[in-house]
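**Q** If you use this note's numbering, the sequence shown corresponds to residues 1111 to 1706, in order. Idealized CB from N, CA, C, for every residue including glycine.
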Amino acid sequence: MSQLLRTKIVCTIGPASRDPEMLTALIKAGMDVARLNFSHGDAAFHAENIHNIRAVSAQLDKPIAILCDLQGPKLRVGIMQEGGVPLSAGETLVLTTEPITGGPGRAPVQYEHLPEVVAVSERILIDDGLIELVVTAVEGREITTRVITGGVLNSNKGLNLPRAALSIPAITEKDREDLRFALEQGVDWVALSFVRTAEEVLELKGLIREISAFSRPTPVIAKIEKPEAVDNIDAIIAAADGVMVARGDLGIETSPEAVPMVQKMIIRQCNQAGKPVITATQMLDSMIRNPRPTRAEASDVANAILDGSDAIMLSGETAAGKYPLRAVETMVRIAQEAERSEAFRAVRQLTARPGRTFAEAVAHASVETAVDLCAAAIVAPTASGHTARTISRFRPPCPIIAVTPNPIAQRELMLFWGVYPLLSQRAATTDEVINDAVEAAQRRGYVGEGDMLVITGGTVEGGVGTTNLMKVHLIERVLARGIGLGDRKLIGRVRRLAAPLAPDVRVDPDEIVVASCTDRSFLPALRRAAGLVTSNAAPDAHCRLVALEMGLPAVVGVDADLDVFTNGMHIVMDARRGVVYERPPALWRSADDVCG
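(1) Indicate the three-state DSSP secondary structure (helix, strand or coil) for residue 1660 in the structure shown.
(2) How would you call residue 1092, buried or exposed, if buried means at least 16 neighbouring beta carbons within 10 angstroms?
(3) Would you grab the beta carbon distance between residue 1551 and residue 1525 for me? Rounded to a whole angstrom, and I think it's under 8 Å.
(4) Do you know whose CA, among 1509, 1614, 1597, lies nearest residue 1562's CA?
(5) By how many angstroms is the C-alpha of residue 1380 removed from the C-alpha of residue 1149?
(6) Pair every Cβ in the stretch 1270–1279 with every Cβ in the stretch 1230–1250, then say whether three or more of these pairs are closer than 8 Å.
(7) Given a cut-off of 8 Å on the beta-carbon distance, is the pair residue 1136 and residue 1428 in contact?
(8) Note down, in chain order, each residue of its chain lying with its Cβ closer than 8 Å to the Cβ of residue 1113, except the 5 sequence neighbours on either side.
(9) Residue 1411 and residue 1377: beta carbons closer than 8 Å?
(10) In this structure, how does DSSP classify residue 1381 when only helix, strand and coil are distinguished?
(11) Once DSSP output is grouped into helix, strand and coil, what is the label at residue 1206?
(12) Identify which residue in 1173, 1436, 1493 has its Cα closest to the Cα of residue 1139.
(13) Write down every uninterrupted run of the beta strand (DSSP E) in the stretch 1141–1179 whose length is 3 residues or greater and which is fully enclosed by it, in chain order.
(14) Do the CB positions of residue 1780 and residue 1300 come within less than 8 Å of each other?
(15) Taking residue 1416 as part of the alpha helix (DSSP H), name the residues at either end of that continuous run.
(16) Going by the beta-carbon positions, is the gap between residue 1204 and residue 1228 smaller than 8 Å?
(17) State the DSSP-derived secondary structure class of residue 1280, mapped to helix, strand or coil.
(18) Classify residue 1444 as helix, strand or coil using the three-state DSSP reduction.
(19) Tell me whether residue 1361 sits in a helix, a strand or coil according to DSSP, three-state version.
(20) In the DSSP assignment, find the beta strand (DSSP E) that holds residue 1491 and state where it starts and stops.
(21) Cα separation between residue 1601 and residue 1289?
(22) Report the residue from 1304, 1490, 1369 whose alpha carbon sits nearest the alpha carbon of residue 1581.
(23) Determine the direct distance from the alpha carbon of residue 1592 to that of residue 1332, and round the result to whole angstroms.
(24) Beta-carbon separation of residue 1603 and residue 1560 under 8 Å?
(25) Between the alpha carbons of residue 1111 and residue 1482, how many angstroms are there, rounded?
(26) Restricting to Cα atoms, I'd like to know which of 1553, 1541, 1555 is closest to residue 1565.
(27) Which whole-angstrom value is the C-beta distance of residue 1594 and residue 1673, which I expect to be below 8 Å?
(28) Please list the terminal residues of the continuous beta strand (DSSP E) segment that includes residue 1620.
(29) Give the range of the alpha helix (DSSP H) segment to which residue 1311 is assigned.
(30) Comparing C-alpha positions only, which one of 1341, 1608, 1335 sits nearest to residue 1388?
(31) Using beta-carbon positions only, say whether residue 1655 and residue 1636 come within less than 8 Å of one another.
(32) If you draw a straight line from the alpha carbon of residue 1065 to that of residue 1302, how long is it in whole angstroms?
(33) Can you check which of these residues, 1536, 1504, 1166, is closest to residue 1473 by C-alpha distance?
(34) Taking the Cβ atom as the reference point for each residue, do residue 1141 and residue 1438 lie within a distance shorter than 8 Å?
(35) Tell me whether residue 1121 sits in a helix, a strand or coil according to DSSP, three-state version.
(36) Quick check on the burial criterion: 16 or more other C-beta atoms within 10 angstroms. Buried or exposed for residue 1178?
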């Protein structure tokens, strides 16, 4: 199995990446989550994007989560003339709340109360701080400014007033309309911009429940962009389902030098709370224009992973850049190198300690067991996704294969560190759930014969949301398939015999007789044997009739040459399914166990 990235890749979808061909390439390259920025585009634009993402995802048979990023109380420049307006240091620029098309010397803003909250000598930053203005006068609906740092002023660019207290609701009317549309379209995550308090997160959750009625509530990501959010980070993490460290506006609203330590602090606290955290903004910013990243950007991506990020995000690089596919491929390569490093092992030390719930204790135990056994994977059958989410918080060294009958849960799990969700049929019993989960993981190539697995989940009887089971499971090599007689699965040693059988031949109770056929001379041996494997499949064959009469577990009519069975070999015979497996020598010490 090739290296599976534990860290998830979030790509912003825009004009450069929205056509099906590019979406196909991005998904194949490693995109896990598609972000739709509702600060740009109308409903038709986003509806087409969602349709294309779902169609390509189905075609490639890879689930993709869709993240709706609400604009929030973001101040923005209005519509400017085509091509934007160049600004030079020392020029005068008038900002107006009038609904005009901006041109030389004048630019509209989308917040009608802006003249009431700014004062002379205050700074105004535009386009992530690339353009800096200072207020020289305020009169009526107009704010006169002097350009300190110039640039090209384009439509809809963000506008920041560092440390200013704005009386804008956390969820605007536009957000409410966009939210209703996004939920109707079936998005998988909703991000709230410019969160300041936990109450704002809870307000959005309440609105989602109100709109969704009785359907599954869509989880919420709180974007940390304001100094107030940093001050209230503990409560916000507790209220949200996930967190995004949105470093662009955060660096403007606070200061660039504060961002690295704030980023590390937020990631650490999210890890310990078991909440997924996305590190975002300007990760490979130069690749909007250039085919290769700077060395500093490569280090930034790697360090975000080593900090403990669940996901790393591309914004303009994939939305509007010249090299969207190269940006994803580059991010994946950097992530692979980071995850191969010795430093990556320390990520496990940053994670949550087991909590007080039974599910958390079982999940933590499954991770420790996987470490002790060098398990190939933790397989987590889950109806709601809760089991896999809980395991992810403890950062196991092996993949978490989440198997769920719920396509919504499958897509939601695409954001979680180390989780690879697969879709399965709903099963009636716990044994069926486990067998289906292991088979699904094998079909996808995540695990194979000889792999040791730790299986963690809930019993069917326990209901949705319960994690109360842990099992160590070995995927044995299939030696033969045939017709199963009986309802037992047992472990034993091979005893090769051939008819006619000498009277003095003795068989031990832990031996499974392997023969091409049987006759009456076998009866004393079969009365002592644990089971029977034969190549004869005739309905009236002696071996078949005697196994049924004695109640002896058997697999008859096997499809393999009996020479694959050697005397003393330890095998697992599943009479329920008609399958015979090899039992690896490392486990022979348990060969007298009988599995129910």
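**A** Let me spell this out:
(1) helix
(2) Residue 1092 is absent from the model: the chain starts at 1111 and stops at 1706.
(3) Between residue 1525 and residue 1551 the Cβ distance is about 20 Å, and since that is not below 8 Å, they are no contact.
(4) Minimum Cα distance to residue 1562 is reached at 1509.
(5) 26 Å
(6) Flag = yes, the stretch 1270–1279 and the stretch 1230–1250 touch.
(7) yes
(8) 1446, 1449, 1450
(9) no
(10) helix
(11) Strand, per DSSP.
(12) The shortest C-alpha separation from residue 1139 is found at 1436.
(13) 1143–1147, 1175–1179
(14) Residue numbering for the chain in the displayed model covers 1111 to 1706; residue 1780 lies beyond these limits and cannot be assessed.
(15) Run containing residue 1416: 1405–1417, per the alpha helix (DSSP H) assignment.
(16) no
(17) coil
(18) helix
(19) helix
(20) 1487–1491
(21) 56 Å
(22) Of the candidates 1304, 1490, 1369, the one whose C-alpha sits nearest the C-alpha of residue 1581 is 1490.
(23) 55 Å
(24) no
(25) Note on residue 1111: pLDDT 46, under 50, position unreliable in the model; the coordinate value appears next. Distance between the alpha carbons of residue 1111 and residue 1482 is about 21 Å.
(26) 1541
(27) With a Cβ gap of about 22 Å, residue 1594 and residue 1673 do not count as contacting.
(28) That residue, residue 1620, is in no beta strand (DSSP E); it is neither H nor E in DSSP.
(29) 1308–1322
(30) 1335
(31) no
(32) There is simply no residue 1065 to check, as the chain begins at 1111 and stops at 1706 in what is shown.
(33) 1504
(34) yes
(35) strand
(36) Answer is buried; the Cβ neighbour count reaches 16.
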